[in-house]
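Chemist:
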Ligand SMILES: NC(=O)c1ccc[n+]([C@@H]2O[C@H](COP(=O)([O-])OP(=O)(O)OC[C@H]3O[C@@H](n4cnc5c(N)ncnc54)[C@H](O)[C@@H]3O)[C@@H](O)[C@H]2O)c1
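Given below as structure tokens:
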């Protein structure tokens, strides 16, 4: 199913709301509640969900577990995606330590770093391998997801190794635009960009 890009961006927020409702033991959730949590309007929520045939029941709303399962299917969260992470520094460790990504189907199976003092250690229960092993291990395990948390100058070379090894999705935290073949999806995360937007609104208010 092809999901419009802007709808796709909203779905993880709807999903988060449904997880919260499921944890609280609620059976139904209204489009208004989802809208509040996702900071959009209820009409938008209903329009987005209609695309997948998810219809709320009058007076009750959406069945929490059914809609949650539907979103998991659409967002690919039902499949566990095994991933490797390269760069076990401050940010890399924070990502590995955070258990919340498991809910989204992320399973980081191996870590890589160039620092000799880190290689061979265990971080959050996973072994740190030398970068020289990256291509071989990724190929052997058939891993398709790579996470980059190395310093900027190293991000492109690491992405190159990942692509050669067969990685098809890169979650890049280094502040650099990666060059990759068209069949590789790159998601760049930049907290500083978010901060700049926040400061822009603050400056506008002043
Ligand atoms: N996306 C964001 O919002 C955000 C936030 C913070 C940091 N960052 C970026 O994340 C990256 C890491 O930041 P940090 O603070 O964790 O840095 P850090 O120095 O704490 O960690 C970097 C790690 O990468 C390893 N490394 C260096 N070169 C390598 C190579 N060639 N191959 C494998 N490992 C290598 C180092 O040994 C170290 O363990 C940087 O690019 C930084 O700019 C992004």
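Residue numbers (the numbering used here): 394 to 599.
All residues carry an ideal CB built from backbone N, CA and C; glycine is no exception.
#1: Are residue 507 and residue 489 close, meaning C-beta to C-beta below 7 angstroms?
#2: Are the region 444-452 and the region 510-530 touching, with three or more C-beta to C-beta distances below 8 angstroms?
#3: Per DSSP, residue 506 is paired with what?
#4: Taking C-alpha atoms, which residue in 410, 570 and 440 lies nearest to residue 426?
#5: Closer than 6 angstroms: is that where the CB of residue 521 sits relative to any heavy atom of ligand 1?
#6: How close, in whole Å, do the beta carbons of residue 446 and residue 422 come, if the pair is a contact with beta carbons under 8 angstroms?
#7: Would you say the beta carbon of residue 588 comes nearer than 6 angstroms to a heavy atom of ligand 1?
#8: Can you list, in chain order, every residue whose CB sits closer than 7 angstroms to a heavy atom of ligand 3?
#9: Does the Cβ-Cβ distance between residue 475 and residue 502 come in under 7 angstroms?
#10: By DSSP's criteria, residue 562 is part of a beta bridge. Which residues make up the other side?
#11: Per the contact definition of three or more C-beta pairs closer than 8 angstroms, is the region 555-563 in contact with the region 584-598?
#12: Taking the alpha-carbon positions, what's the residue 398 to residue 547 distance?
#13: Where do the N-terminal and C-terminal ends of the alpha helix (DSSP H) with residue 451 fall, by residue?
#14: Just the Cα atoms here: how many angstroms apart are residue 539 and residue 480?
#15: Tell me the rounded alpha-carbon separation between residue 582 and residue 570.
#16: Output yes or no for whether 7 angstroms exceeds the beta carbon distance between residue 485 and residue 542.
#17: Since residue 431 and residue 407 are thought to touch, with beta carbons under 8 angstroms apart, how far apart are those beta carbons, to the nearest angstrom?
#18: Could you check the C-alpha separation between residue 462 and residue 510 for me, to the nearest Å?
#19: Could you please give the first and the last residue of the uninterrupted beta strand (DSSP E) stretch that includes residue 374?
#20: Could you check where the alpha helix (DSSP H) with residue 400 kicks off and where it finishes?
#21: Relative to the alpha-carbon of residue 482, which residue among 465, 497, 438 and 505 has its alpha-carbon at the smallest distance?
Modeler: Judging by the given coordinates:
#1: In this structure, residue 507 keeps its C-beta atom at 7 angstroms or more from the C-beta atom of residue 489.
#2: Three or more Cβ pairs closer than 8 angstroms define a contact, and the region 444-452 falls short of that threshold against the region 510-530.
#3: Partner(s): 523.
#4: Comparing alpha carbon positions, the residue from 410, 570 and 440 closest to residue 426 is 410.
#5: At a cut-off of 6 angstroms, the beta-carbon of residue 521 does not count as near ligand 1: no heavy atom of the ligand is closer than that.
#6: Residue 446 to residue 422, Cβ: 17 angstroms. No contact.
#7: Residue 588: no, Cβ never under 6 angstroms from ligand 1.
#8: Ligand 3 is not part of the structure shown, which contains ligand 1 as its ligands.
#9: Going by C-beta atoms, residue 475 is nearer than 7 angstroms to residue 502.
#10: Per the DSSP secondary-structure output, residue 562 pairs in a beta bridge with 538 and 578.
#11: Taking a cut-off of 8 angstroms on C-beta distances, the region 584-598 does not touch the region 555-563, as fewer than three cross pairs fall below it.
#12: So the alpha carbons of these two residues sit roughly 30 angstroms apart.
#13: Unbroken run through residue 451: none, as it is neither H nor E.
#14: So the alpha carbons of these two residues sit roughly 11 angstroms apart.
#15: So the alpha carbons of these two residues sit roughly 11 angstroms apart.
#16: With a cutoff of 7 angstroms on beta-carbon distance, residue 485 and residue 542 are scored as near each other.
#17: Rounded, the Cβ-Cβ distance is 6 angstroms, consistent with contact.
#18: In a straight line, the C-alpha of residue 462 is about 43 angstroms away from that of residue 510.
#19: Absent from the model: residue 374. The displayed extent of the chain is 394 to 599, so no value can be given.
#20: Residue range 398-416 is occupied by the alpha helix (DSSP H) that includes residue 400.
#21: Checked all of 465, 497, 438 and 505; the closest Cα to residue 482 is 505.
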